[in-house]
Amino acid sequence: MSDNRPLIVGGSKVSLGVLVETDTEFLFSAINNPEVHRFLRNPGRIMYMGDEIYWFRSLSEKSSNDRHFAIIENDGMKIVGVIGVREIDWINGTGIIGYFLSQDKWGKGFATEAISLTVKFCFATLNMRKLTSSVFEPNKASAKALIKNGFSECGRFHKQAFIREHGFVDELIFEKFNDFYYSDKKAEKVN
Ligand SMILES: CC(C)(COP(=O)(O)OP(=O)(O)OC[C@H]1O[C@@H](n2cnc3c(N)ncnc32)[C@H](O)[C@@H]1OP(=O)(O)O)[C@@H](O)C(=O)NCCC(=O)NCCS
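Reading the sequence shown from the start, the letters are residues 22 to 212 in this note's numbering.
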């Protein structure tokens with residue numbers, strides 16, 4: 022963990038910080054927990070330390086269309102998860118949000134707050150127009166954390182992915198618009 026890690030967005034229980042190379046040890050252990058991997062797109066995948074280092078180093082490419090953050094627990098200032106927006110389309114102002122927490126930190130409202138902070142960063146700092154996310158239907162906690170942040174379900178792919186102990190499940194698609202683009206305030210500004 023880094024003592025001098027810059028924080029980008031502060032919250033009450035968690036904050037978003039810059040990822041540092043020593044976080045790869047956390048990533049390696051958290052993501053290889055089969056329970057953390059259960060509802061991700063490739064649940065049988067094993068992540069090697071080399072994969073984590075490669076992924077971390079790819080974040081600093083200048084042309085990157087992703088923004089990823091360490092989720093930092095304010096009490097102790099240690100990394101507890103990762104949240105990010107990928108495939109940012111700078112023309113249309115869209116991106117896809119994704120996240121995970123180490124299992125010992127589930128159920129404390131951390132994901133709900135981390136999503137809120139990421140939305141704030143994307144809308145207020147990057148001036149993005151819209152965020153999307155998708156959740157496999159049995160992942161109730163993830164869907165709830167999105168809904169609590171004002172995401173709404175806008176469609177689903179039926180029987181899209183195989184999840185252990187659930188079989189083929191639906192993938193629910195969520196979206197959230199930046200109100201600024203669709204409010205009177207924006208109209209006033211444009212006119
Ligand atoms: C999904 C995940 C990020 C949720 O993180 P979290 O910090 O535990 O979520 P929160 O504590 O903010 O909880 C969100 C809501 O879901 C509820 N919830 C938690 N577990 C639940 C469950 N098994 N069933 C139903 N609701 C659940 C919580 O009670 C909370 O609602 P509330 O505030 O009304 O009580 C975490 O479980 C995780 O990292 N899972 C593995 C990776 C993953 O699935 N990522 C998302 C891929 S789409």
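Cβ atoms here follow ideal geometry from the backbone N, Cα and C, with glycine treated the same way. Just so you know, these numbers come straight off a predicted model, no measurement behind them.
Taking a C-beta distance under 8 Å as the contact criterion, Ser-173 and Glu-196 qualify as a contact pair. Annotation for Ala-182: the continuous beta strand (DSSP E) segment containing it runs 173-184.
Remark: the shortest separation between the CB of Lys-165 and any heavy atom of ligand 1 falls under 7 Å. Within the chosen limit of 7 Å, ligand 1 does not reach the beta carbon of Gly-31 with any heavy atom.
Closest in alpha carbon position to Gly-97, among Thr-133, Lys-34 and Gly-130, is Lys-34. The closest heavy atom of ligand 1 lies 7 Å or more from the beta carbon of Leu-28.
Linking Gly-188 to Val-140 through their CA atoms gives a straight-line distance of about 32 Å. Relative to ligand 1, the nearest heavy atom lies less than 7 Å away from the CB of Leu-122.
When the Cα atoms are used, Phe-157 and Lys-165 turn out to be separated by approximately 12 Å. Take the alpha-carbon of Asp-200 and the one of Asn-86: they are about 23 Å apart.
Fully contained in the region 89-123 are the following beta strand (DSSP E) runs of length 3 or more, in chain order: 99-110 and 115-122.
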